[in-house]
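Heads up, the thing below is written out as structure tokens.
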Amino acid sequence: MDFNDTPEEAAFREEAHAWLEAHAEGRLGPGETKPLPEARDPEAVKRAQAWQAKKADAGWACITWPVEYGGRAATPIQNVIWNQEEARYRTPPNIFTIGQGMLGPTILKHGTEAQKSRYVQPLLRGDEIWCQLFSEPGAGSDLAALRTTAVRDGDDWVLNGQKIWTSGAHYCAFGMIVTRTDPTAPKHAGITYFIVDMQAPGVEIRAIQQMNGAAAFNEVFFNDVRVPDAGRVGEVNDGWRGAITTLMNERAALGGGAAGGPGLRHLLELTREVEIEGGRAIDDPAVRQQLADFYVRQKGLEYTRYRTLTALSRGTTPGPENSMGKLVGARLRQEMSGFALDLQGAAGLTSGDWQRQYLGAPGGRLAGGTDEILRNIIAERILRLPPEMRVDKEVPFQDVPSGPKS
Ligand SMILES: Cc1cc2nc3c(=O)[nH]c(=O)nc-3n(C[C@H](O)[C@H](O)[C@H](O)COP(=O)(O)OP(=O)(O)OC[C@H]3O[C@@H](n4cnc5c(N)ncnc54)[C@H](O)[C@@H]3O)c2cc1C
163 MDFNDTPEEA AFREEAHAWL EAHAEGRLGP GETKPLPEAR DPEAVKRAQA WQAKKADAGW
223 ACITWPVEYG GRAATPIQNV IWNQEEARYR TPPNIFTIGQ GMLGPTILKH GTEAQKSRYV
283 QPLLRGDEIW CQLFSEPGAG SDLAALRTTA VRDGDDWVLN GQKIWTSGAH YCAFGMIVTR
343 TDPTAPKHAG ITYFIVDMQA PGVEIRAIQQ MNGAAAFNEV FFNDVRVPDA GRVGEVNDGW
403 RGAITTLMNE RAALGGGAAG GPGLRHLLEL TREVEIEGGR AIDDPAVRQQ LADFYVRQKG
463 LEYTRYRTLT ALSRGTTPGP ENSMGKLVGA RLRQEMSGFA LDLQGAAGLT SGDWQRQYLG
523 APGGRLAGGT DEILRNIIAE RILRLPPEMR VDKEVPFQDV PSGPKS
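Last residue of the sequence shown: number 568 in this note's numbering, and the count goes up by one each step with no gaps.
Dropping the structure here:
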């Protein structure tokens with residue numbers, strides 16, 4: 163493991179730092195946290211878009227992307243350095259992770275030249291925001307069990323079905339959707355991937371109210387929605403290939419970015435401020451023991467991340483240790499915010515950031531692969547344990563027994 167920047171990396175960090183000093187709203191102060199997204203506030207969306215456009219105009223958006231599409235062909239380690247530096251500054255919440263972290267890379271890899279030249283630049287600049295239309299009521303962890311259909315009609319495809327948990331659909335210009343196009347093929351082999359205009363007739367978006375008060379995601383219904391064949395990404399019935407690209411990027415995007423909200427540093431501050439039984443919480447042995455436990459896990463995550471960074475810095479591909487980051491990190495955030503609320507007692511009921519994080523934390527353990535699915539991945543790909551039984555893998559999708567078919 164190598165913890166230090168090379169001279170080139172240090173120079174790049176300095177360049178990033180200088181731009182942020184000149185253009186961001188200032189550095190985050192001690193105890194200050196990055197704001198969590200306000201999903202239903204159009205003004206907040208506009209502020210996020212304005213910051214994204216400013217970055218894009220200066221060459222600091224999607225920096226690993228090819229120069230001809232607005233990137234600067236930066237290396238993965240330069241991207242990590244940029245993210246580390248940006249995380250230190252007061253900037254609007256990032257509402258572009260899905261489009262820029264997952265869908266843009268999918269278009270760049272599998273899209274046609276026409277799709278790349280039409281969509282990539284506005285996506286990078288944040289002028290058009292994108293959503294991911296994958297999950298359905300009966301297809302989440304087992305995404306390939308999806309039932310939304312696309313049927314060819316002349317130069318178009320006609321889409322019918324329902325997606326769910328679609329983050330940001332209500333402010334998105336476009337989405338990327340996986341559909342069933344051949345029910346006679348085994349489940350992975352009859353899927354086709356499309357770009358869909360979220361304003362097209364027949365697209366109906368309904369907000370889902372969450373227990374933390376936000377409504378960041380939606381149900382999206384498709385009623386005879388026409389998508390031109392020019393919006394198809396990859397070959398007919400070969401959409402699983404593109405979906406895998408999206409999902410691989412999802413893990414990297416969710417594992418790598420600064421999540422926003424309070425962390426261990428803020429919890430430590432809190433234990434200095436709060437009193438229990440007449441003394442500072444931080445002086446209580448049980449509190450200290452819990453803090454030490456969080457610290458050890460946080461350090462474990464940090465050093466595991468350094469292994470990834472070292473691999474990137476040396477130009478090699480990181481190993482499967484990446485899968486552990488979200489599994490451990492999501493649970494740690496949930497436990498830390500629960501502990502912060504406990505420490506505050508009744509006052510915790512009104513503590514905005516901690517409470518919001520606590521109520522949002524269970525979602526963090528589901529999105530981008532649930533705890534159980536990540537454990538399966540670790541068991542099979544890292545520990546090389548025998549794989550799970552997958553009895554429906556080779557069966558034509560239409561013959562797989564299921565509940566009522568829509
Ligand atoms: C905050 C948030 C944002 C999201 N944003 C989006 C989005 O923008 N677009 C989108 O398409 N989706 C999105 N999702 C959906 C997300 O991808 C799914 O929730 C996730 O894939 C799990 O699917 P599911 O909810 O259908 O649960 P299920 O797959 O039905 O799982 C139910 C339970 O069974 C367990 N389980 C399932 N299979 C196995 C197995 N093989 N072995 C052991 N246990 C198993 C799971 O771990 C879970 O506990 C989002 C979810 C959240 C929470």
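Every residue, glycine too, gets a C-beta built ideally from N, C-alpha and C.
Endpoints, alpha helix (DSSP H) assigned at residue i
{"i": "PRO390", "result": "Looking at the DSSP string, PRO390 is not in any alpha helix (DSSP H); the run it does join, the beta strand (DSSP E), is 379-390."}
{"i": "LEU536", "result": "533-539"}
{"i": "ILE367", "result": "Unbroken run through ILE367 is the beta strand (DSSP E), 365-370; no alpha helix (DSSP H)."}
{"i": "TYR457", "result": "447-475"}
{"i": "THR433", "result": "426-435"}
{"i": "THR268", "result": "266-272"}
{"i": "TYR251", "result": "Element bounds for TYR251: n/a, residue is neither H nor E."}
{"i": "TRP213", "result": "204-219"}
{"i": "VAL490", "result": "484-506"}
{"i": "TYR333", "result": "Where TYR333 is concerned, there is no enclosing alpha helix (DSSP H), given that its DSSP letter is neither H nor E."}
{"i": "ASP515", "result": "514-526"}
Of the listed residues the options, nearest to residue i (C-alpha basis)
{"i": "ARG434", "options": "ARG427, LEU426, ALA443", "result": "ALA443"}
{"i": "ARG537", "options": "PRO563, LEU489, GLU230", "result": "LEU489"}
{"i": "GLY530", "options": "LYS278, GLY302, THR237", "result": "GLY302"}
{"i": "GLU275", "options": "ALA331, GLY396, GLU412, LEU286", "result": "GLY396"}
{"i": "GLY232", "options": "VAL557, LEU286, SER499", "result": "LEU286"}
{"i": "PRO284", "options": "PRO299, ASP315, GLY266, LEU295", "result": "GLY266"}
{"i": "THR226", "options": "PRO192, GLY263, PRO424", "result": "GLY263"}
{"i": "ASP561", "options": "ASP359, ILE269, PRO345", "result": "PRO345"}
{"i": "SER499", "options": "THR512, ALA508, ALA523", "result": "ALA523"}
{"i": "PHE296", "options": "GLN460, ARG314, ILE260", "result": "ILE260"}
{"i": "THR328", "options": "VAL358, HIS350, ARG309, CYS293", "result": "CYS293"}
{"i": "HIS350", "options": "THR472, LEU305, GLY487, ARG427", "result": "LEU305"}
{"i": "PRO169", "options": "TRP516, GLY507, TYR520, SER475", "result": "SER475"}
{"i": "MET373", "options": "ILE326, GLY440, ARG427, GLY525", "result": "GLY525"}
{"i": "ASP400", "options": "ASP515, TYR355, PRO563", "result": "TYR355"}
{"i": "ASN411", "options": "THR268, GLU431, ARG552, GLY440", "result": "THR268"}
{"i": "GLY565", "options": "ALA172, GLU171, GLY441, ALA307", "result": "ALA307"}
{"i": "TYR281", "options": "ASN322, ASP359, ALA331, LYS555", "result": "ASP359"}
{"i": "ASP167", "options": "LEU190, ALA508, LEU471", "result": "LEU471"}
{"i": "TRP516", "options": "LYS278, ARG546, GLU431, GLY364", "result": "GLU431"}
{"i": "SER279", "options": "GLY393, ARG546, TRP213, GLN361", "result": "GLY393"}
{"i": "TRP213", "options": "ASN256, PRO192, LYS196", "result": "ASN256"}
{"i": "ALA631", "options": "LEU545, VAL436, GLY337, ILE357", "result": "Here the chain covers residues 163 to 568 and nothing more, so residue 631 does not appear."}
Cβ-based neighbour list, residue i, same chain, cut-off 7 Å, excluding 5 preceding and 5 following
{"i": "PHE174", "result": "GLN240, ILE243"}
{"i": "GLU248", "result": "LEU182"}
{"i": "ASP446", "result": "ILE438"}
{"i": "HIS179", "result": "GLU247"}
{"i": "HIS185", "result": "LYS216"}
{"i": "GLY487", "result": "GLY417, LEU463, THR466, ARG467"}
Beta-carbon gap between residue i and residue j smaller than 7 Å
{"i": "ARG527", "j": "ALA492", "result": "yes"}
{"i": "ILE291", "j": "CYS224", "result": "no"}
{"i": "ILE353", "j": "TRP319", "result": "no"}
{"i": "ALA369", "j": "ASN385", "result": "no"}
{"i": "ARG250", "j": "GLU187", "result": "no"}
{"i": "HIS272", "j": "GLY404", "result": "yes"}
{"i": "ILE540", "j": "SER485", "result": "yes"}
{"i": "ALA377", "j": "ARG202", "result": "yes"}
{"i": "PHE258", "j": "GLY221", "result": "no"}
{"i": "ALA218", "j": "PRO254", "result": "no"}
{"i": "ALA236", "j": "VAL229", "result": "no"}
{"i": "LEU503", "j": "GLY510", "result": "yes"}
{"i": "GLU550", "j": "PRO348", "result": "no"}
{"i": "ALA312", "j": "LEU321", "result": "yes"}
Other residues of its chain near residue i: CB distance less than 6 Å, five sequence neighbours each side excluded
{"i": "ASP391", "result": "ASP317"}
{"i": "GLU366", "result": "PHE383"}
Own chain partners of residue i with C-beta closer than 8 Å, once the 5 adjacent residues on each side are dropped
{"i": "ASP533", "result": "LEU489, ALA492, ARG493, ARG527"}
{"i": "GLU464", "result": "none"}
{"i": "GLN324", "result": "GLU298, PRO299, THR310, GLU381, VAL382, PHE383, PHE384, SER568"}
{"i": "TYR457", "result": "LEU426"}
{"i": "ASP315", "result": "ARG388"}
{"i": "LEU429", "result": "LEU453, PHE456, MET498, PHE501, ALA502"}
{"i": "GLU194", "result": "ARG252"}
{"i": "LEU505", "result": "LEU432, THR433, VAL436, ILE438, ALA443, VAL449"}
Unbroken beta strand (DSSP E) run spanning residue i, endpoints
{"i": "THR341", "result": "336-342"}
{"i": "SER329", "result": "318-329"}
{"i": "VAL282", "result": "That residue, VAL282, is in no beta strand (DSSP E); its alpha helix (DSSP H) goes 275-287."}
{"i": "VAL313", "result": "311-315"}
{"i": "LEU295", "result": "292-295"}
{"i": "PHE356", "result": "353-359"}
Short CB-CB distance (under 7 Å) between residue i and chain C
{"i": "ALA502", "result": "Absent here is chain C; the protein component of the structure consists of one chain."}
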